[in-house]
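Reviewing the structure listed below.
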Amino acid sequence: MDFPPLREELRGLQPYGAPQLDVPVQLNVNENPYGPSPAVVADIATAVAEAAGVLNRYPDREFTELRSALAAYLSRDTPHGISPAQVWAANGSNEVMLQLLQAFGGPGRCALSFAPTYSMYPEYARDTMTDWVQGRREDDFSLDLDAARALVEERRPSVVLLPSPNNPTGTALPPEAVSALCEAVGDEGVLVVDEAYGEFRRTGTPSALELLPQHRNLVVSRTMSKAFALAGARLGYLAASPEICDAIRVVRLPYHLSAVTQAVALAALRHAPELLGRVDDLRAERDATVAWLRERGHTVADSDANFALFGTFPDRHAVWQGLLARGVLIREVGPEGWLRVSIGTAEEMTAFKQALVEVMEEAG
Ligand code: PMP
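Using this note's numbering, the letters of the sequence shown map in sequence onto residues 2 to 365.
Right, dumping it as structure tokens:
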């Protein structure tokens, strides 16, 4: 018997995660490059100090105030509004989605997504002993809706995970596709539209939040880690029918959101306009980066997110390594031959472009 006595299917596996390297230009995990202003830092610090005074007590298990604040924030993205009973939150949207799998997946059930997509999805399934079914995206990374519907009808998944925009491709989903797949899934499952990058959508693509009144099996997952510039706080959340939120309460650990987390998130939400203030700049920088990469002859996936997937390289690792040697860290992820760059500040993107030109010239 090997020690430690890990579950058979976990033996030899590496923990998921991008390399955390200390380099000048970090464009590898789709963070917002702009940190909070001194005024926001001061307000967060005051809120944390208040929470610290009562840390001998457990936090509000139902995070009532935070749920209301998140509902108010989400209501800006849908004419139908979102009530606090429709909101759930956890330590990052990774934990939100793991809880969804804990509640709705499990042995004898399956979860479904379409590759290439976010590589944590199969891990949520594995960790909850849920079968994993992987459909394919088209060559341009869009979904063939008829094929997707046929796969749902054949496999009857309990959970469908559909990121929009998708990671690592940046592809957004049209609302018609979300509606058609919600109908195909029916009451036997839940369909999760993972909008981790939702705030970066190009104008014209509505949020799946607008579809909530039509589909009681629809879940829209969001995070404060990306557009909201709060990755370090670990706060993800979702909007869904109150029945779905209630069901998750059965599997969540008691007091899973610490008093400090709740205080930080509430203080940050009070400063939403400032924290989100650079989203337009990042979208413009994204569009400029995509255009520049195309001018240089690279193939680039259309992106509605704060990153771009580009390629294809016969030896992508060599390109990644060449950039790293020049102090620019991007991500080796996605289909073979492609690389993903997160959108940083204008200065960081200039450094990326210069380094890429040099690496390509060196490669001849
Ligand atoms: N969904 C997608 C598509 C992501 O890319 C990420 C993070 N890279 C997450 C969810 C999870 O983010 P967090 O746990 O920080 O909310």
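Even for Gly, the Cβ is constructed at its ideal location relative to N, Cα and C.
How is Ser94 classed by DSSP in three states: helix, strand or coil?
DSSP places Ser94 in helix when its eight states are reduced to three.
Measuring alpha carbon to alpha carbon, tell me which of Leu174, Gly109, Thr262, Thr170 ends up nearest Leu210.
Measuring from the Cα of Leu210, the nearest candidate turns out to be Leu174.
Say the cut is 7 Å; is the CB of Tyr119 nearer than that to a heavy atom of the ligand PMP?
Result yes, Cβ under 7 Å from the ligand PMP.
Quick check: is the beta carbon of Ala86 nearer than 8 Å to any beta carbon in chain C?
Here there is only one protein chain, and chain C is not present.
Take Pro37 as the anchor and find which of Ala178, Arg250, Gly233 has the nearest alpha-carbon.
If we check each option's Cα against that of Pro37, Gly233 comes out closest.
How is the beta strand (DSSP E) around Trp133 delimited, first residue to last?
Taken as a continuous stretch (DSSP letters only), the beta strand (DSSP E) holding Trp133 covers 132 to 137.
Does at least one heavy atom of the ligand PMP sit under 7 Å from the Cβ of Gly237?
Yes.
Is the separation between the beta-carbon of Arg317 and that of Ala356 shorter than 8 Å?
No.
By how many angstroms is the C-alpha of Gly54 removed from the C-alpha of Glu286?
Looking at the two C-alpha atoms, the distance is approximately 42 Å.
At what residue ranges does the segment 209 to 280 contain a whole run of the beta strand (DSSP E), taking only runs of 3 or more?
Segments of the beta strand (DSSP E) lying fully in the segment 209 to 280: 219 to 224, 237 to 240.
Once the 5 residues before and after Glu139 are set aside, which same chain residues still bring their CB inside 8 Å of it?
Closer than 8 Å at the Cβ level, and outside the excluded window around Glu139, lie Asp145.
Counting along the chain, where does the beta strand (DSSP E) carrying Arg341 start and finish?
340 to 343 is the span of the beta strand (DSSP E), which, as asked, contains Arg341.
Only counting the same chain, and skipping five residues up and downstream in sequence, which positions put a Cβ closer than 7 Å to that of Pro123?
Once the five neighbours on either side are set aside, the close Cβ partners of Pro123 are Trp133.
Cα separation between Ser120 and Arg68?
The alpha-carbon atoms of Ser120 and Arg68 are separated by roughly 28 Å.
For Glu196, which residues in the same chain have their Cβ closer than 7 Å to its Cβ, ignoring the five residues on either side in sequence?
Here the set comprises Ser165, Ser208, Ala209, Val221, Ser222, Arg223.
Could you check whether Leu71 and Val160 sit closer than 8 Å to each other, using their CB atoms as the reference points?
No, Cβ-Cβ distance for Val160 and Leu71 is not below 8 Å.
Can you tell me whether Phe4 is buried or exposed, with buried defined as 16 or more other CB within 10 angstroms of its CB?
Exposed, since its Cβ has fewer than 16 Cβ neighbours within 10 Å.
Where Leu283 and Thr204 are concerned, what is the direct C-alpha to C-alpha distance, given to the nearest angstrom?
Their Cα atoms are separated by approximately 14 Å.
Any idea what DSSP makes of Leu144, helix, strand or coil?
Leu144 falls in the coil class under three-state DSSP.
Is the segment 296 to 316 touching the segment 105 to 114, taking contact as three or more C-beta pairs under 8 Å?
They do not touch, by the three-pair rule.
Note down the Cα distance separating Ala185 from Glu154, rounded to an integer number of angstroms.
Cα to Cα, the separation comes out at about 7 Å.
Looking at the strands, I want to know which residues DSSP matches up with Leu330.
BP columns for Leu330 point to Gln27.
Sort out for me which residues DSSP pairs Pro164 with in a bridge.
Beta-bridge pairing links Pro164 to Asp195.
Within its chain, find whatever has a CB closer than 6 Å to the CB of Gly345; leave out the 5 residues flanking it on each side and keep chain order.
Answer for Gly345: Leu28, Pro34, listed in chain order.
So, are the CB atoms of Phe64 and Ala90 less than 8 Å apart?
Yes, Cβ-Cβ distance for Phe64 and Ala90 is below 8 Å.
According to DSSP, is Thr300 part of a helix, a strand, or is it coil?
Note: Thr300 maps to strand in three-state DSSP.
Does the ligand PMP have even one heavy atom less than 7 Å from the beta-carbon of Thr172?
Every heavy atom of the ligand PMP is 7 Å or more from the Cβ of Thr172, so no.
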